[in-house]
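For the sequence shown, the working numbering begins at 4 and goes up steadily by one.
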Amino acid sequence: MSYIVGALGALHDVAGFDASQADLIVGTSAGALVGALLRSGTPASDLYALAHSDDDPARDAFAPVFSGPIDLARRGVGSVYTMARAFGVAPRVGAPDFLRRAFPSGFFTLRDVLEDLSALLDRPWPDRSLYLCACDLETRRRVVFGTPSAPSVPLSAAVQAACAIPGFYESVTIDGHDYVDGGVLSSSNLDLAAGYDLVIGVIPMSYDRTSARPSLHPYRLAVEVFRLYPTRSLRAEMMAVRDSGSRVVVIRPTIFEAQRHGFNLMSVRDRLKVSDKARKTVTQSLATGRLAAVLGEFGYGLGRTGSRSA
């Protein structure tokens, strides 16, 4: 979330692109929360300010749901099973209700975060297109809340489902189906924006392979391997969107930023540094290069109104 709000803050302040006004917003995991806040009327610049304020919702993102070592052990068993289902190494069928009660999944909850943001999120689904992506554990297929094929749920429930990192946060049950973070299937879901004139993807889980010369440094190689799958899947999704006739630009960390992010992506210790660095790097990219050229074609940064965007 820190990277996303930093990048969107630069797009807003430097290029004049307010993501809250995009024709379509697609989000999963932290992007789902950002997307919901944007569609609830919060400009991207305000999200950046929120991340640097005493009201930063990240402070409540790790509210534990376990009480004592026995409950922790029970949840450990349930969490391992949920993770196995999410990543396709266990039967998709859910456990019987009595086992689910005995071995619940998840160590933390986002309920406190959503409660803090209730004034913004406890509302009907936005009129303008908002797609929040989750994974149905039973089918291991993507469910896109905000589309006719998905269950009709309150905005806050869709956000919680799309952010429910399997085994880490509580899974969310809707109409008898368990949902977890859609990032287990795709960290970008860029394909949902196919057909729009301009598609801007802010993808913190990937990295820019052209940002530095190849290196055999062990730590850097480990970071590249860690981000290999989301980087490859993003490339395939970009090709599909371009084939639809859309102009596509993606904003993702440089390899040096990815190294700073490390492997614990739930750490809040350096979140402000991550956000500030993202803002600085994207600002530099907006001065030169392909990002500046493509956005310039649509009038952003030049005081003109852009075309349909996602």
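We put the CB at the ideal spot given by N, CA and C, even for glycine.
- Take Arg212 as the anchor and find which of Tyr222, Pro221, Leu201, Arg230 has the nearest alpha-carbon. Arg230
- When you compare only the Cα positions, how much space is there between Gly30 and Phe259? 25 Å
- Measure the C-alpha to C-alpha separation of Gly12 and Ser48 and round it to an integer number of angstroms. Between Gly12 and Ser48, the C-alpha separation is close to 5 Å.
- Item | Spatial neighbours of Ala18 in its chain, beta-carbon cut-off 7 Å, leaving aside the 5 residues before and after | Leu289, Leu298, Tyr303, Gly304
- According to DSSP, is Arg77 helix, strand or coil? For Arg77, the three-state secondary structure derived from DSSP is helix.
- Query: How many whole angstroms separate the CB atoms of Gly109 and Arg78, which I take to be in contact at a CB cut-off of 8 Å?
  - Reply: 7 Å
- Query: Can you tell me where the alpha helix (DSSP H) with Asp279 in it begins and where it stops?
  - Reply: Unbroken alpha helix (DSSP H) run through Asp279: 274 to 288.
- Task: Could you tell me whether any Cβ in chain C is nearer than 8 Å to the Cβ of Asp181?
- Result: Checking the listed chains, one finds no chain C in this structure; it contains a single protein chain.
- Message: Give me the residue from Ala25, Leu193, Phe148 with the minimum Cα distance to Leu237.
- Response: Leu193
- Task: With DSSP as the reference, please indicate the residues paired to Asp181 in a beta bridge.
- Result: Paired residues: Thr176.
- Met208: buried (16+ other C-beta within 10 angstroms of its C-beta) or exposed? buried
- Query: If you compare alpha carbons, which of Asp181, Leu135, Val183, Gln262 is closest to Pro157?
  - Reply: Leu135
- Task: Quick one: residues in its chain with C-beta nearer than 8 Å to the C-beta of Ser43, no 5 flanking neighbours on either side, listed in chain order?
- Result: Leu123, Leu124, Arg126, Pro129, Leu158
- Message: How far does the alpha helix (DSSP H) with Ser5 in it extend, from its first residue to its last?
- Response: 5 to 18
- In three-state terms, what does DSSP make of Val205? If DSSP states are grouped into helix, strand and coil, Val205 belongs with the strands.
- Task: Write down the C-beta distance between Gly81 and Pro107 rounded to the nearest angstrom, noting that I regard them as a contact closer than 8 Å.
- Result: 5 Å
- For Gly30, name the three-state secondary structure that DSSP assigns. strand
- Message: For Asp246, tell me which candidate among Leu224, Phe148, Leu201 has the shortest Cα-Cα distance.
- Response: Leu201
- Asp139 and Tyr182 closer than 8 Å at C-beta: yes
- Message: On the DSSP letters alone, give me the boundaries of the alpha helix (DSSP H) that Arg104 sits inside.
- Response: 100 to 105
- Message: I'd like the list of long-range same chain contacts for Leu224, defined as Cβ closer than 8 Å, with 5 residues on each side in sequence excluded.
- Response: Ser218
- Query: Beta carbon of Gln262, beta carbon of Val228: below 8 Å?
  - Reply: no
- Message: Please classify Lys385 as buried or exposed, where buried requires at least 16 neighbouring CB atoms within 10 angstroms.
- Response: Given a span of 4 to 313 for the chain in the structure shown, any question on residue 385 remains unanswerable.
- Is Tyr6 closer than 8 Å to Ser191 when the C-beta atoms are compared? no
- Thinking just about the alpha-carbon of each residue, which of Pro256, Ala164, Phe171 is nearest to the one in Ala215? Pro256
- Candidates Pro46, Leu195, Val253, of which the one nearest Leu133 by Cα: Considering only Pro46, Leu195, Val253, the residue with the shortest C-alpha distance to Leu133 is Leu195.
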